[in-house]
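Scroll down for the structure; my scribbles are underneath it.
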Amino acid sequence: MQGSVSDVVLAILKKHGVRYICGLPAAQIGLIMHGASSDPDFTYVTTRHEEAAGHMAHAISRVTDTMGVCFGTVGPGATNLVPGVAAAYADSIPLLVMTGQNQAAEVDPSREQLQSADQLALFRSITKWNASIHHAERAPELVERAVHIARSGRPGPVHLDIPCDVGTQLCEYDLATIPPFELMRPMPGPQELQQVLETLMGARKPLLLAGGGVVRSGATAEFRALLEATGFPAISTIMGRGVLPPDSVFNIGSGGLVAGQCVIDACENADVVLALGCKFGTFTPLSKEPAFPKPAGQKIIQIDIDAESIGKAAAIDIGLVGDAKSTLQSLLGMLADAPESQITSDWLSSLKKSQQNHHDSVEAVANAKVVGGGSVLNEALVARAISELIPDDAITIIDGGQAMMWGTTFIQADDPNRILADPGMGHLGFGLPFANAAKLAHPGRPVICVTGDGALGLTIQELETAARYGLNIVVVLLNDSHWGMYKPFGEMLNNPNFGTQLTKVDFAKIAEGFGCHGENISTIEALPEAFQRALTAGKPAVINVEVEYTPHPMDFMWPGVILHGFQFPEPEQARMQAIA
Ligand SMILES: Cc1ncc(C[n+]2csc(CCOP(=O)(O)OP(=O)(O)O)c2C)c(N)n1
Ligand SMILES: [Mg+2]
Numbered sequence: 131m132q133g134s135v136s137d138v139v140l141a142i143l144k145k146h147g148v149r150y151i152c153g154l155p156a157a158q159i160g161l162i163m164h165g166a167s168s169d170p171d172f173t174y175v176t177t178r179h180e181e182a183a184g185h186m187a188h189a190i191s192r193v194t195d196t197m198g199v200c201f202g203t204v205g206p207g208a209t210n211l212v213p214g215v216a217a218a219y220a221d222s223i224p225l226l227v228m229t230g231q232n233q234a235a236e237v238d239p240s241r242e243q244l245q246s247a248d249q250l251a252l253f254r255s256i257t258k259w260n261a262s263i264h265h266a267e268r269a270p271e272l273v274e275r276a277v278h279i280a281r282s283g284r285p286g287p288v289h290l291d292i293p294c295d296v297g298t299q300l301c302e303y304d305l306a307t308i309p310p311f312e313l314m315r316p317m318p319g320p321q322e323l324q325q326v327l328e329t330l331m332g333a334r335k336p337l338l339l340a341g342g343g344v345v346r347s348g349a350t351a352e353f354r355a356l357l358e359a360t361g362f363p364a365i366s367t368i369m370g371r372g373v374l375p376p377d378s379v380f381n382i383g384s385g386g387l388v389a390g391q392c393v394i395d396a397c398e399n400a401d402v403v404l405a406l407g408c409k410f411g412t413f414t415p416l417s418k419e420p421a422f423p424k425p426a427g428q429k430i431i432q433i434d435i436d437a438e439s440i441g442k443a444a445a446i447d448i449g450l451v452g453d454a455k456s457t458l459q460s461l462l463g464m465l466a467d468a469p470e471s472q473i474t475s476d477w478l479s480s481l482k483k484s485q486q487n488h489h490d491s492v493e494a495v496a497n498a499k500v501v502g503g504g505s506v507l508n509e510a511l512v513a514r515a516i517s518e519l520i521p522d523d524a525i526t527i528i529d530g531g532q533a534m535m536w537g538t539t540f541i542q543a544d545d546p547n548r549i550l551a552d553p554g555m556g557h558l559g560f561g562l563p564f565a566n567a568a569k570l571a572h573p574g575r576p577v578i579c580v581t582g583d584g585a586l587g588l589t590i591q592e593l594e595t596a597a598r599y600g601l602n603i604v605v606v607l608l609n610d611s612h613w614g615m616y617k618p619f620g621e622m623l624n625n626p627n628f629g630t631q632l633t634k635v636d637f638a639k640i641a642e643g644f645g646c647h648g649e650n651i652s653t654i655e656a657l658p659e660a661f662q663r664a665l666t667a668g669k670p671a672v673i674n675v676e677v678e679y680t681p682h683p684m685d686f687m688w689p690g691v692i693l694h695g696f697q698f699p700e701p702e703q704a705r706m707q708a709i710a
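When we follow this note's numbering, the leftmost residue of the sequence shown carries the number 131, and every step to the right adds one.
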């Protein structure tokens, strides 16, 4: 075909299965916008802020298993995209980010034209790869390369910068010459897999660990089959939530450290860990000096699609490059001839006991109804009540600080595509754009966003995007009028000016102003009916629930694990020790 660079970019993306394109209008990338918005094969959405377009593309990629695409204009459009792209990079999500640029002759180095920005430098550290389409002839090759890099190995965002004059030039492309992208599924050799099986079956205290790579590879069924066939205890990371059935006896905790002391107990006491598609991030308490040193004799087997990720963030003993699905299929096929398991008889039951303790402690907080002696609802109670109301086929997004801790605790899902978060960057404000994207891709399913008042405020303008496109999501807002997670920090420092206190905002009124349904509620009894009204409102809805900041049993991980090494002034040291 012959067409403008913009036409060819869209044709190649379509060939690779891209259906959704999100961004914010501007002149420099106008032809792509014109093409995408005129083509019925694309769903084209404009947001109120480019950050939201980045988050939407991220969520689209996760709920459709395709590559998300977002765009922004030169300068401020590009800089506004950064938070969404950085979050996708941290969560290993494939995106194509397209930025408009000034005329090719005006950039590198800039001639101080309006909105000039070195956008290649800007995105370099938050993408796997980026390039400028500086000449029309190179466009097809660079777009193909972008798609391939984004989706191959450990996926991630890629970026193309398109000077406005190049975007309008003509180029040639033969769609038939390159087939649509197909995922490569590398696999360890049979001897290596045999070594894995022998090590695992020889373990006294084996532990299986599912990361986001299991989800991305579509290997949930295979992971569950391994669980059932071996009877070994298992945990998942936050990106791996939904891989383990919530009610499985082998599931010790889905959500890394947030899932309780039982996850720490499992990681500290296991003698062999088989980790699949896991990056060993902060929330995975394995081989994390100084808080979670690797116990003597513990063996960690890491299987990951990306060679560079092997041994990067944990001291591993066996590291193999393999796609989770194909590797698990092979392992399952070899199980019949595997040596007999040497698992200790009380290993699983001891972890179940620890899990029960965690369960009891969070239930006790929820049962207390109020904290701090006031009459305001506690977040645990509200999160538990929401978990009971969420329909089976819903997609739930969990944003916020303390709201995230309690939401993650009580809201479980038996399918990875039913529950989304952003644990890599923990970028507050992703929730509402994620919800919009999930509803866009799955209009027939309920989409629920559980969030905090601080988090919602960061992208609240996207309520208008929801209303404009008829994305009838339900936002359940745990509103404590604080940057709640940091409330104890200010208190610990005895500093009332620390700045965690926010104004009590009437979010229901704000929702109405954006064309949505809004309700304020302050009793738990009011929640079920308010939730039903929100689900059937015929427009996006916000239920603003007045809550009080509620401590969580795993709060110690913030000062004790994540901030380890941060020197507090005396006498705050002692107060911090008390919290940790
Ligand atoms: C964009 C961004 N800025 C700052 C933070 C640090 N942070 C983590 S939790 C939190 C407080 C969140 O407040 P809110 O959303 O109201 O939830 P709450 O803790 O009150 O439940 C902050 C500021 C972050 N994670 N992301
Ligand atoms: Mg809050």
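Glycine is no exception: its CB is placed at the ideal position from the N, C-alpha and C atoms.
Note that this is a predicted model, so its numbers are computed, not measured.
Separation of residue j from residue i, as counted between CA atoms
i, j, result
"residue 499", "residue 545", "30 Å"
"residue 137", "residue 654", "53 Å"
"residue 394", "residue 293", "51 Å"
"residue 474", "residue 401", "11 Å"
"residue 248", "residue 203", "13 Å"
"residue 227", "residue 197", "10 Å"
"residue 622", "residue 536", "22 Å"
"residue 586", "residue 522", "25 Å"
"residue 635", "residue 611", "7 Å"
"residue 710", "residue 620", "Residue confidence is low: residue 710 scores 46 on pLDDT, short of 50, so the model does not pin down where it sits. Its coordinate-derived value is still stated next. Their Cα atoms are separated by approximately 15 Å."
"residue 403", "residue 432", "8 Å"
"residue 229", "residue 159", "7 Å"
"residue 464", "residue 221", "32 Å"
"residue 669", "residue 574", "14 Å"
"residue 372", "residue 296", "44 Å"
"residue 132", "residue 244", "32 Å"
"residue 171", "residue 145", "11 Å"
"residue 542", "residue 517", "8 Å"
"residue 589", "residue 640", "13 Å"
"residue 339", "residue 360", "13 Å"
"residue 212", "residue 426", "42 Å"
"residue 711", "residue 377", "No statement about residue 711 is possible, as the shown extent of the chain runs from 131 to 710 and does not include it."
"residue 576", "residue 569", "8 Å"
"residue 366", "residue 387", "10 Å"
"residue 561", "residue 580", "8 Å"
"residue 598", "residue 456", "42 Å"
Where the beta strand (DSSP E) containing residue i begins and where it ends
i, result
"residue 175", "173-176"
"residue 291", "287-293"
"residue 201", "198-202"
"residue 649", "647-651"
"residue 691", "Residue 691 -> no beta strand (DSSP E), and no H or E assigned at all."
"residue 432", "429-434"
Cβ separation of residue i and residue j, assumed to be a contact under 8 Å, to the nearest whole Å
i, j, result
"residue 332", "residue 405", "The Cβ separation is near 17 Å, so there is no contact."
"residue 134", "residue 300", "6 Å"
"residue 218", "residue 563", "12 Å between Cβ atoms; not a contact."
"residue 601", "residue 566", "5 Å"
"residue 165", "residue 140", "5 Å"
"residue 664", "residue 651", "Going by Cβ atoms, the distance from residue 664 to residue 651 rounds to 10 Å, so no, they are not a contact pair."
"residue 262", "residue 225", "About 18 Å; that fails the 8 Å criterion."
"residue 215", "residue 151", "At roughly 15 Å, the Cβ-Cβ gap does not stay under 8 Å, so residue 215 and residue 151 are not in contact."
"residue 207", "residue 157", "No, residue 207 and residue 157 are not in contact; Cβ-Cβ is about 10 Å, not under 8 Å."
Contact set for residue i: own chain, Cβ-Cβ below 6 Å, skip 5 residues either direction
i, result
"residue 115", "In the structure as shown, the chain begins at 131 and stops at 710. Residue 115 is therefore absent and cannot be evaluated."
"residue 259", "279, 288"
"residue 572", "none"
"residue 390", "383, 488"
"residue 201", "153, 159, 228"
"residue 694", "421"
"residue 355", "462"
"residue 513", "536, 537, 540"
Delimiting residues of the alpha helix (DSSP H) encompassing residue i
i, result
"residue 188", "180-194"
"residue 145", "135-145"
"residue 210", "206-220"
"residue 509", "509-519"
"residue 677", "First-last for residue 677: 671-678, but that is the beta strand (DSSP E), not the alpha helix (DSSP H)."
Neighbourhood of residue i by C-beta, 8 Å cutoff - its chain only, sequence neighbours within 5 removed
i, result
"residue 683", "390, 391, 488, 491, 492, 495"
"residue 71", "Residue 71 is absent from the structure shown; the chain starts at 131 and stops at 710."
Quick one: complete beta strand (DSSP E) runs, 3+ long, within the segment 544-615?
List check, beta strand (DSSP E) in window: 577-582, 604-609.
In chain order, each beta strand (DSSP E) run of at least 3 residues that lies wholly inside the segment 336-422:
336-340, 364-366, 381-384, 402-406
Would you list, in sequence order, the uninterrupted alpha helix (DSSP H) runs of no fewer than 4 residues that lie entirely inside the segment 443-476?
454-464
Runs of beta strand (DSSP E) wholly within the segment 238-277 (minimum 3 residues, chain order)
259-262
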